[in-house]
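What follows is a short report on a single structure.
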Amino acid sequence: MIHRKKLGTDSLAIHAGRGDLHRIPAHAPPIDLSSTYPLADLEWATADFDAWVAGKAHAANPIYARLHNPTVARYEDALAVMEGAEAAVAYGSGMAAVTACLLDARTRGRNVVAIRPLYGTTDHLLESGMLGIEVRWAEADRVGEAIDADTALVFLETPGNPTLKMIDIAAIVRRSCPVPVLVDSTFATPILQNPLALGAAYALHSATKFLSGHGDVIGGIVACSEARAKGLRQVRIMTGALLHPLAAFLLHRALPTLPVRVRGAQENAKILAERLAAHAAVARVLYPGLPGGDPESLLGRQMRGPGAILSFVMKGGYDAAAAVMRGVKLITAAVSLGSTDTLIQHPAGLTHRVVEPSARERTGIGEGLLRVSVGLEDAEDLWDDLESALAAAERIVAAPAVAGI
Ligand SMILES: *Cc1c(COP(=O)(O)O)cnc(C)c1O
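When we follow my numbering, the leftmost residue of the sequence shown carries the number 25, and every step to the right adds one.
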């Protein structure tokens with residue numbers, strides 16, 4: 025394993041998880057698609073089987089692909105390095121990773137304390153009680169009061185989806201001690217934030233987003249200590265929520281460009297955020313990089329930059345927001361985020377539709393809110409597109425009958 029102290033983030037992104045390739049030898053990580061593996065000796069095979077079932081990271085023979093896959097393991101090593109963690113465990117989606125963490129937590133206690141806003145489906149899953157773990161919603165400054173002897177996990181997202189609200193990870197860790205804290209760090213990526221360095225027990229990513237970066241993979245990954253990873257691997261073996269080796273290959277292939285993609289998209293986001301904030305049709309822009317967007321001064325201290333996601337509220341409410349989504353041409357109206365191309369979506373109508381309406385209201389997910397995942401196009405082309413969509417929205421809101429729709 026390559027250690028963070030020796031190399032910078034950009035170098036690590038390029039070289040992490042590739043330490044065994046010269047021995048194969050190979051330059052690109054090989055894709056191992058075997059579902060089962062030839063066994064030379066039953067006694068050895070039994071010892072390896074026992075090792076995997078105990079949640080260990082290494083054994084000589086993978087035995088069966090649900091127990092272990094070398095292509096996936098290489099990507100896990102890489103992501104662990106990027107998060108400064110001992111280990112990482114990958115899953116078939118971000119939600120499969122969330123589910124594994126909750127199932128694992130359920131073996132230690134009966135409830136999870138969670139802070140809103142969260143990704144819509146995470147909120148829905150917690151609220152459903154489906155996994156047998158009860159959710160206790162808490163404000164960030166009241167987490168300590170919500171915790172009791174049966175609390176297995178504290179769950180938060182920062183920056184939060186879709187309002188970009190930032191939460192002070194170190195402060196939550198202090199208030200939660202000794203209960204482990206999980207941070208969904210999907211919006212930040214390991215390039216902008218490392219929750220474990222701030223005391224969090226788990227850093228979770230929907231790898232579908234920036235880690236993939238090209239809109240062609242669904243995956244999830246959790247970075248944590250080796251001791252915690254054992255429990256997460258055991259859940260994966262028992263529930264089969266595997267990341268496919270082809271997906272792991274694509275994620276590993278996308279890692280070297282993650283730093284430049286995140287920084288490039290962030291530069292575009294800063295430009296769009298400033299221009300949107302000055303636009304007459306826009307009531308408010310939610311972006312950590314704007315004045316007032318970082319009330320607890322977490323930029324620099326917790327997050328190395330404001331990121332590439334922004335949200336904004338249309339003065340004209342739902343109709344204006346819908347018109348902007350209809351009006352964009354270069355930007356794609358679509359859910360998901362973190363791709364090379366810019367995406368726009370309406371959280372109240374789509375990703376956060378499954379959140380209880382009153383909770384949506386309280387956390388600021390209103391009908392006029394739009395979320396933009398800023399991509400790597402030329403900033404001026406993006407602004408031209410947004411500006412003409414905003415102009416169309418203004419016309420429709422001002423004179424709905426004239427618009428003829
Ligand atoms: C998309 C997303 C998830 C869920 O990930 P999937 O890969 O879609 O299952 C979880 N958290 C955040 C912040 C997300 O954006």
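Backbone N, C-alpha and C fix where the C-beta goes; we use that ideal spot for every residue, glycine too.
Q: Say whether the segment 96 to 116 touches the segment 253 to 260, bearing in mind that this needs 3 or more beta-carbon pairs closer than 8 Å, one atom from each stretch.
A: yes
Q: Please specify which runs of the alpha helix (DSSP H), each continuous and at least 4 residues long, are wholly inside the segment 297 to 354, giving them in chain order.
A: 341 to 351
Q: Compare the Cα-Cα distances from L63 to each of A52, I87, A71 and V77 and report the closest residue.
A: I87
Q: List the endpoints of the continuous alpha helix (DSSP H) containing G32.
A: Taken as a continuous stretch (DSSP letters only), G32 belongs to no alpha helix (DSSP H), as it is neither H nor E.
Q. Where are the beta strand (DSSP E) runs, 3 residues long or more, that stay fully inside the segment 161 to 190, in chain order?
A. Taken in chain order, the complete beta strand (DSSP E) segments of 3 residues or longer contained in the segment 161 to 190 are 175 to 181.
Q) Is it right to say K30 is buried, meaning 16 or more other beta carbons lie within 10 angstroms of its own, or is it exposed? A) The residue in question, K30, is exposed, as its Cβ has fewer than 16 Cβ neighbours within 10 Å.
Q: With DSSP collapsed to three states, give me the class of V359.
A: coil
Q.
Please classify A427 as buried or exposed, where buried requires at least 16 neighbouring CB atoms within 10 angstroms.
A. Model confidence at A427 stands at a pLDDT of 49, short of 50, so the residue's coordinates are unreliable; what they give is reported in the following sentence. Per the 10 Å Cβ criterion, exposed.
Q) Do N93 and D72 have their C-beta atoms closer together than 7 Å? A) no
Q. Cβ of G399 versus every heavy atom of ligand 1: is any distance shorter than 6 Å?
A. no
Q) According to the Cβ coordinates, are G324 and Q290 closer than 7 Å? A) no
Q: For L334, collect the residues of the same chain with a Cβ closer than 6 Å to its Cβ; drop the 5 residues on either side in sequence, then sort them by chain order.
A: Within its own chain, the residues whose Cβ lies closer than 6 Å to the Cβ of L334, once the five positions on either side in sequence are excluded, are A293, A297, Y311 and V396, listed in chain order.
Q. Does DSSP put A78 in a helix, a strand or coil?
A. coil
Q | C-alpha gap between D343 and I355, whole angstroms | A | 19 Å
Q. How many angstroms separate the CA atom of A253 from the CA atom of H370?
A. Straight-line Cα distance between these residues: approximately 35 Å.
Q: Determine the DSSP secondary structure at V378, reduced to helix, strand or coil.
A: coil
(Q) In whole angstroms, give me the CA-to-CA distance for R28 and I245. (A) Note on R28: pLDDT 48, under 50, position unreliable in the model; the coordinate value appears next. Whole-angstrom Cα-Cα distance: 19 Å.
Q: Could you give the DSSP three-state label for I38: helix, strand or coil?
A: helix
Q. Do V178 and V159 have their C-beta atoms within less than 7 Å of each other?
A. no
Q.
Output needed for A164: all residues of its chain with C-beta closer than 6 Å, excluding positions within five of it in sequence on either side, in chain order.
A. I139 and I191
Q: Would you mind reading off the limits of the beta strand (DSSP E) that contains A111?
A: A111 to Y115
Q | Cut-off 8 Å between Cβ atoms - residues of its own chain near G41, not counting five sequence neighbours on either side | A | P53, R98, Y99, E100, D101, A102, L103, V105, H276 and L279
Q: Please check the pair D408 and P269, which I expect to be a contact at CB under 8 Å, by giving their CB distance rounded to whole angstroms.
A: Their Cβ separation, rounded to whole angstroms, is 41 Å, which puts D408 and P269 out of contact at 8 Å.
Q: Indicate whether P283 and A109 have their beta-carbon atoms separated by less than 7 Å.
A: no
Q | Cutoff 7 Å; reference G168; Cβ partners in own chain excluding five residues on either side | A | R199
Q) In terms of residues, what are the limits of the alpha helix (DSSP H) holding S230? A) For S230, there is no enclosing alpha helix (DSSP H); the enclosing beta strand (DSSP E) has its first and last residue at Y226 to S230.
(Q) Does V241 come out as helix, strand or coil in the three-state DSSP assignment? (A) Of the three classes helix, strand and coil, the one that applies to V241 here is coil, per DSSP.
Q: Go through its chain and collect everything with a Cβ distance to T387's Cβ below 6 Å, but skip five positions before and after it.
A: R140 and P141
**Q.** 8 Å CB neighbourhood of L367 in its chain, flanking five on each side removed
**A.** I355, T356, A357, A358, V359, S360, L361, V396, S397 and G399
Q) Under the three-state reduction of DSSP, which class applies to T146: helix, strand or coil? A) helix
Q. Among the residues of its own chain, which have a CB less than 6 Å from the CB of E320, if the five just before and after it don't count?
A. D192
Q.
ligand 1 and T210: does any heavy atom of the ligand fall closer than 6 Å to the residue's C-beta?
A. yes
(Q) Can you determine whether any heavy atom of ligand 1 sits closer than 6 Å to the C-beta of Y143, and answer yes or no? (A) yes
Q) Nearest to V378 by CA position, among L91, R47, A78 and L149, is which residue? A) L149
Q | Where H376 falls, given that 16 or more other Cβ within 10 Å makes a residue buried | A | buried
(Q) Helix, strand or coil for Y61? Go by DSSP, reduced to three states. (A) coil
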